[in-house]
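In the numbering used here, the protein residues as written are 14 to 394.
Report on one structure; see the data block that follows.
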């Protein structure tokens with residue numbers, strides 16, 4: 014790979030995003046075989062342009078958190094010799110209520126558990142009440158009949174699994190088993206001493222829906238499953254709510270991760286390297302295999318698009334006339350976040366990528382400003 018030539022190409026696209034007014038502050042990090050080959054950061058943390066953005070700026074990455082959270086569950090399952098076919102009730106007996114006794118780890122990790130929204134109105138800030146509501150919730154579709162993105166509930170399901178199996182919240186488990194050993198500046202539950210480094214998020218404006226027309230139509234309908242899934246549990250308060258310290262410290266595994274682009278790309282670089290970092294085993298190769306293997310594929314009942322998931326990670330599909338979000342490798346896997354944050358691993362090419370920003374786009378999938386960067390890496394015209 015011509016690293017110098019690629020770096021120049023990425024830099025031009027990155028700066029063009031600012032010139033077009035697409036970005037306020039942003040970072041991109043690209044790694045090859047445990048080495049960061051590209052690190053760019055520019056812009057501001059706020060619209061008043063008081064705080065410059067640099068490569069140490071922290072920012073909420075929304076659902077890009079899901080990949081890191083899924084790795085925690087997969088590591089625990091592997092170390093405790095639990096397969097994805099094991100029913101959740103074996104480690105969480107109260108989950109069997111309301112016809113959920115057959116739901117297994119695979120169903121949860123692939124968004125097939127049938128509980129993307131709760132009938133009971135509970136707050137994201139009341140963990141115990143959310144868990145009780147999940148235990149009481151009746152699946153909204155027959156298990157095995159399809160999948161639908163569990164936008165917020167996904168994190169509570171994973172958090173409770175980790176608490177049952179490891180005896181601690183998922184955010185703490187991530188910190189002890191991934192962040193600290195690897196020196197990652199990424200938290201699922203941000204300590205107060207880092208609050209001053211967090212950039213302000215700004216909501217996007219509706220423009221070109223880029224293939225997500227059906228999603229937007231459903232999202233605007235209060236009675237749709239899509240609308241309910243993205244608002245259950247309640248209490249986040251939209252983008253403005255994610256600029257508050259109580260959201261930063263809450264430790265939501267589905268959407269509450271805060272960190273740098275470098276930390277995200279470094280995490281995925283470790284996965285590319287077979288689960289080792291600096292000679293230390295972080296996670297097994299067998300667990301990583303589950304991250305790259307498509308387990309469900311078809312119409313997503315919540316996102317209203319055709320898509321695919323491995324165990325906790327998104328996958329591209331070759332049969333869709335849609336722009337790929339993970340380059341041109343069928344082995345790549347990762348997870349985007351609402352508004353434009355994005356991160357993935359490509360074991361085939363030894364590459365990892367991450368992008369963070371504070372000026373959001375209106376969408377749940379990556380838009381042109383980040384995909385232009387991904388395409389440039391792979392030489393896709």
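By construction, the Cβ of each residue, glycine as well, lies at the ideal position given by its N, Cα and C atoms.
Only a predicted model underlies this, so the values are computations on that prediction, with no experimental measurement involved.
(request) Please state if the CB of residue 268 and the CB of residue 176 are separated by a distance shorter than 8 angstroms. (result) No, the pair does not count as a contact, with Cβ atoms beyond the cut-off.
(request) State the DSSP-derived secondary structure class of residue 239, mapped to helix, strand or coil. (result) Three-state result, residue 239: helix.
(request) Could you tell me which of 314, 127, 87, 228 sits nearest to residue 174, measuring between CA atoms? (result) 87
(request) Run through the segment 108 to 170 for me and flag every whole alpha helix (DSSP H) of 4 or more residues, listed as ranges in chain order. (result) 118 to 122, 140 to 149
(request) Report, in whole angstroms, the separation of the C-beta atoms of residue 303 and residue 321, which I expect to be a contact under 8 angstroms. (result) Actually they are not in contact, since the Cβ atoms of residue 303 and residue 321 sit about 14 angstroms apart, beyond 8 angstroms.
(message) With the cut-off set at 8 angstroms, would you say residue 260 and residue 251 are in Cβ contact?
(response) No.
(message) With the cut-off set at 8 angstroms, would you say residue 23 and residue 51 are in Cβ contact?
(response) yes
(request) With DSSP collapsed to three states, give me the class of residue 362. (result) helix
(request) Under 8 angstroms by Cβ, that's how I've got residue 390 and residue 357 pegged, so tell me the actual separation to the nearest angstrom. (result) At roughly 11 angstroms, the Cβ-Cβ gap does not stay under 8 angstroms, so residue 390 and residue 357 are not in contact.
(message) Please give me, in chain order, every unbroken run of the alpha helix (DSSP H) with length at least 4 that falls completely inside the segment 255 to 328.
(response) 258 to 263, 274 to 285, 298 to 305
(request) Look at the alpha carbon of residue 373 and the alpha carbon of residue 348, and state the distance between them as a whole number of angstroms. (result) 16 angstroms
(request) Throw me the rounded Cβ distance for the residue 97 and residue 122 pair, which I believe falls under 8 angstroms. (result) 7 angstroms
(message) Which same chain residues end up closer than 7 angstroms to residue 342 when comparing Cβ atoms and leaving out the 5 residues on each side of it in sequence?
(response) 359, 361, 362
(message) Using the three-state DSSP reduction, which class does residue 370 fall into: helix, strand or coil?
(response) strand
(message) Between which two residues does the beta strand (DSSP E) holding residue 385 run?
(response) Where residue 385 is concerned, there is no enclosing beta strand (DSSP E), although the alpha helix (DSSP H) it sits in stretches over 381 to 391.
(message) On the criterion of 16 or more Cβ atoms from any shown chain inside 10 Å, does residue 332 qualify as buried, or is it exposed?
(response) exposed
(message) Could you give the first and the last residue of the continuous beta strand (DSSP E) run that contains residue 53?
(response) Residues 48 to 56.
(request) Can you tell me the Cβ-Cβ gap for residue 130 and residue 242, rounded? I've got them flagged as a contact below 8 angstroms. (result) 5 angstroms
(message) Going by DSSP, what residue range makes up the alpha helix (DSSP H) through residue 18?
(response) For residue 18, the enclosing alpha helix (DSSP H) has its first and last residue at 16 to 32.
(message) Between residue 340 and residue 379, how many whole angstroms is the CB-CB distance? I'm expecting something under 8 angstroms.
(response) About 11 angstroms; that fails the 8 angstroms criterion.
(request) Just tell me which of 56, 228, 85, 33 has its CA closest to the CA of residue 213. (result) 56
(message) I'd like to know whether the C-beta atoms of residue 40 and residue 49 end up nearer to each other than 8 angstroms.
(response) no
(request) Might you give, ordered along the chain, the residues of its own chain that have their beta carbon closer than 7 angstroms to the beta carbon of residue 37, omitting 5 neighbours on each side? (result) The residues are 56, 57, 60, 215, 371, 372.
(request) Determine the closest residue to residue 30 out of 394, 369, 393, 392, with distance taken between C-alpha atoms. (result) Checked all of 394, 369, 393, 392; the closest Cα to residue 30 is 369.
(message) Can you tell me whether residue 257 is buried or exposed? The criterion is at least 16 other CB atoms within 10 Å of its CB, across all chains shown.
(response) Taking every protein chain shown into account, the CB of residue 257 has fewer than 16 other CB atoms within 10 angstroms, so this residue is exposed.
(request) Answer yes or no: do residue 201 and residue 82 have a C-beta to C-beta separation smaller than 8 angstroms? (result) yes
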